[in-house]
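A.B. asks: Note that this note's numbering has the sequence shown beginning at 19, numbered continuously upward. After the structure tokens below, expect a handful of questions from me.
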Amino acid sequence: MSAFRFFVLPLVLGLVACSSGSDQSPEESFQPKTVKVVTQVVQSAKVPVSRSFPGTVASADTAVLTPKVVGYIESFQVRPGDTFHKGDVLVKIKSKELIDKEKFAQSAVKEAENAKKQAALGLNMAKAGLKQAEAQFLLAQNTYRRFENLLKTESASKQEFDEVEAKYRAARESKRIAEENVKLAVEKHSQVNIKRQQADAMLDEVKTYLSYTTLKAPFNGIVLQKMVDMGNLAAPGQPVLKIGSLGNVVYAQVNSSAIKLVQVGRDVEVEVPAAKKRFTAKVLEIDPNVDPATRNFKIKLSGDEAIIPGMYANVFLGEDVEKATLVPGRAVLERGQLSVIFVKKDGKAEMRIVKTGRTIGDKVEIVSGLRPDERIVVENGESLRTGDVLEE
19 MSAFRFFVLP LVLGLVACSS GSDQSPEESF QPKTVKVVTQ VVQSAKVPVS RSFPGTVASA
79 DTAVLTPKVV GYIESFQVRP GDTFHKGDVL VKIKSKELID KEKFAQSAVK EAENAKKQAA
139 LGLNMAKAGL KQAEAQFLLA QNTYRRFENL LKTESASKQE FDEVEAKYRA ARESKRIAEE
199 NVKLAVEKHS QVNIKRQQAD AMLDEVKTYL SYTTLKAPFN GIVLQKMVDM GNLAAPGQPV
259 LKIGSLGNVV YAQVNSSAIK LVQVGRDVEV EVPAAKKRFT AKVLEIDPNV DPATRNFKIK
319 LSGDEAIIPG MYANVFLGED VEKATLVPGR AVLERGQLSV IFVKKDGKAE MRIVKTGRTI
379 GDKVEIVSGL RPDERIVVEN GESLRTGDVL EE
């Protein structure tokens, strides 16, 4: 043992002698400085434990436009993504059958109108003839009665009376014929009126169907999908254009294990990456039917004017059930690839390497490296080094 001591001692002394003549290390040359800082006690807090579910932005109201007539798609006045106003023409359809029917109906109306004019003229002539026949009959009747009395007093001969009577009978027959002519003219006028009304009704019906060749917007909205191409056959019940209202909602598929996190009227967070938008939405509807294959159910959320139907969304559901160590984001400093925080210990700075977690507002979760109730530097810690004196 003594031999070993005698051997080591000269070696150690030699090393000390060599080191005494060398330059000082950085640690030996470091001189603590006094830095004025702001500190804060680390505390635990309840934070949202959220789960993310996929969602899709959709129009609050959607409609599929379908033709009511057979024809061919003549033109689209809008494209997917275009907005429109209620009453705007969106699609035009060409129907040769309806065009031909319109020409036929117009011809029928014109023909019925001419027949009506002729019938009215005939009726007027028949009435004029009746008026003349009535006047002649009245004259003949008065003459007949006068000669009837003259015959009784033998003031007129039988021959004269017979001539007057013959004229009277002829006038009466003429009046009867004139009355019959008026009756026939009235019937004919009534018939052509009916034909005119039928022709008008036929033309109105054709015009109604022709109005169906323009598909108009039922509300203010946006074009979601063009379902046929121009020139294709259009027929009743065949989808042509899918449209949606400008107001939007978000539909999300939520796993049944998260059913307790969803209630109608509850606020949830929605993120739409394409729009770079995050907003608070309200649960509007919950579909109670669970898909047996995926174990998911669908919820409907309120939307936001900054997002567009068709965009992908993330829906976050959560509740305050977990405690976490949170510190102000400005307290976490970067040293190379490491995240560090300075702790105040015995009035001096002590650097701690920490592992960070979620960012919640302006705070950062510390997963490891700190304990609650420790006091940390939250301002002016950028230039600190371990051992610096902290002054508040």
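Note that CB positions come from ideal geometry on N, CA and C, so glycine has one too.
(1) In angstroms, rounded to a whole number, what distance separates the CA positions of LEU388 and ILE371?
(2) Relative to the C-alpha of VAL395, which candidate in THR80, VAL55 and GLN159 has its C-alpha closest?
(3) Secondary structure at THR404, three-state DSSP: helix, strand or coil?
(4) Closest to ARG216 by CA distance: which of ASP106, LYS134, THR84 and SER70 is it?
(5) Tell me the start and end of each unbroken beta strand (DSSP E) in the region 157-236 that is at least 3 residues and wholly inside, in chain order.
(6) Just the C-alpha distance for ILE378 and THR80, rounded to the nearest angstrom, thanks.
(7) With PRO274 and PHE237 assumed to form a contact (beta carbons below 8 Å), what rounded beta-carbon distance in angstroms separates them?
(8) Just list the residues that DSSP pairs LYS244 with in beta bridges.
(9) Are VAL127 and LEU221 touching if we call contact CB-CB under 9 Å?
(10) Within 10 angstroms of its Cβ, does VAL258 collect 16 or more other Cβ (buried), or is it exposed?
(11) Between which residues of its own chain and GLY147 is the CB-CB distance below 7 Å, once the five residues before and five after are set aside?
(12) Quick one, which of THR374, GLU303 and ARG348 has its alpha-carbon nearest GLU397's?
(13) Ends of the beta strand (DSSP E) at MET329?
(14) Given a cut-off of 9 Å, decide if LYS244 and PRO98 are closer than it, judged by their beta-carbon atoms.
(15) Taking Cβ to Cβ, would you say TYR227 is nearer than 9 Å to VAL290?
(16) Output the boundary residues of the beta strand (DSSP E) element that contains VAL268.
(17) Is DSSP giving ARG313 helix, strand or coil here?
(18) Considering only C-alpha positions, which residue in the set SER173, ARG164 and LYS193 is nearest to VAL182?
(19) Considering only their Cβ atoms, is the gap separating PHE102 from ILE326 smaller than 9 Å?
(20) Should the region 61-78 be regarded as contacting the region 264-271, the criterion being three or more beta carbon pairs within less than 8 Å?
(21) DSSP state of ALA51, grouped into three classes?
(22) Just to confirm the assignment, what range does the beta strand (DSSP E) spanning GLN58 have?
(23) Mind checking ALA184: buried by the 16 CB within 10 Å criterion, or exposed?
(24) For ALA138, collect the residues of the same chain with a Cβ closer than 7 Å to its Cβ; drop the 5 residues on either side in sequence, then sort them by chain order.
(25) Could you please give me the residues that DSSP links to ARG393 through a beta bridge?
C.D. replies: Reading it off the structure:
(1) As a working mapping, residue 388 is identified with position 370 in the sequence shown. As a working mapping, residue 371 is identified with position 353 in the sequence shown. When rounded, the separation of the alpha-carbon atoms in LEU388 and ILE371 is 9 Å.
(2) Walking along the sequence shown from the start, residue 395 turns up at place 377. The shortest CA-to-CA distance from VAL395 to any of THR80, VAL55 and GLN159 is the one to VAL55.
(3) Within the sequence shown, the letter at position 386 stands for residue 404. Coil at THR404, not helix or strand.
(4) Stepping through the sequence shown from its first residue, residue 216 is reached at position 198. As written in the sequence, residue 216 is Gln, which differs from the Arg given in the question. Among ASP106, LYS134, THR84 and SER70, the Cα nearest to that of GLN216 is on LYS134.
(5) For the region 157-236, the full-length beta strand (DSSP E) segments reaching 3 residues or more read 232-234 along the chain.
(6) For the purposes of this step, residue 378 is identified with residue 360 of the sequence shown, where counting begins at 1. For the purposes of this step, residue 80 is identified with residue 62 of the sequence shown, where counting begins at 1. Take the alpha-carbon of ILE378 and the one of THR80: they are about 37 Å apart.
(7) Residue numbering aside, residue 274 sits at position 256 when the sequence shown is read from its first letter. Residue numbering aside, residue 237 sits at position 219 when the sequence shown is read from its first letter. Here the sequence assigns Ser to residue 274, which means Pro is not the residue at that position. Going by Cβ atoms, the distance from SER274 to PHE237 rounds to 35 Å, so no, they are not a contact pair.
(8) One-based indexing of the sequence shown puts residue 244 at position 226. For LYS244, which the question treats as bridged, DSSP gives the partners LEU259.
(9) For the purposes of this step, residue 127 is identified with residue 109 of the sequence shown, where counting begins at 1. For the purposes of this step, residue 221 is identified with residue 203 of the sequence shown, where counting begins at 1. Cβ distance < 9 Å, so VAL127 and LEU221 count as in contact.
(10) The sequence position of residue 258 within the sequence shown is 240, counting from 1. With 16 or more other Cβ atoms within 10 Å, it is buried.
(11) For this step, residue 147 is matched to residue 129 along the sequence shown. Cβ contact annotation for GLY147 (same chain, cutoff 7 Å, sequence separation greater than five): ALA196 and ASN199, in chain order.
(12) Locating residue 397 in the sequence shown gives position 379, counting from the first residue. Comparing Cα-Cα distances from GLU397 to each of THR374, GLU303 and ARG348, the minimum goes to ARG348.
(13) Position 311 of the sequence shown, counted from the start, is the residue given in the question as residue 329. Bounds of any beta strand (DSSP E) do not take in MET329, whose DSSP letter is neither H nor E.
(14) Here the question's residue 98 lines up with position 80 in the sequence shown. Here the question's residue 244 lines up with position 226 in the sequence shown. Yes, they are a contact pair.
(15) Taking the first residue of the sequence shown as position 1, residue 227 is located at position 209. Taking the first residue of the sequence shown as position 1, residue 290 is located at position 272. Not a contact, by the Cβ cut-off of 9 Å.
(16) As a first step, residue 268 must be located in the sequence shown, where it is residue number 250. 266-273 is the extent of the beta strand (DSSP E) around VAL268.
(17) One-based indexing of the sequence shown puts residue 313 at position 295. The answer is coil: DSSP assigns ARG313 none of H, G, I, E or B.
(18) In the sequence shown, the residue the question calls residue 182 occupies position 164. When only C-alpha atoms are compared, the closest one is ARG164.
(19) Walking along the sequence shown from the start, residue 326 turns up at place 308. Walking along the sequence shown from the start, residue 102 turns up at place 84. Cβ distance not < 9 Å, so ILE326 and PHE102 don't count as in contact.
(20) A contact is defined here as three or more CB-CB pairs under 8 Å, and the region 61-78 meets this definition with respect to the region 264-271.
(21) Within the sequence shown, the letter at position 33 stands for residue 51. Correcting the residue identity first, residue 51 is Lys in this sequence and not Ala. Under the three-state reduction of DSSP, LYS51 is assigned to coil, being neither helix nor strand.
(22) What you label residue 58 is simply residue 40 of the sequence shown in a count that begins at 1. The continuous beta strand (DSSP E) containing GLN58 extends over residues 56-59.
(23) As a first step, residue 184 must be located in the sequence shown, where it is residue number 166. Around the beta carbon of ALA184, fewer than 16 other beta carbons lie within 10 angstroms, which makes this residue exposed.
(24) As a first step, residue 138 is located in the sequence shown; it is residue number 120 there, counting from the start. Setting aside the 5 residues that flank it on each side, ALA138 is surrounded in the same chain by HIS207, each with a C-beta closer than 7 Å to its C-beta; the list follows chain order.
(25) The residue given as residue 393 occupies position 375 in the sequence shown. Under DSSP, ARG393 takes part in a beta bridge, and its partners are VAL59.
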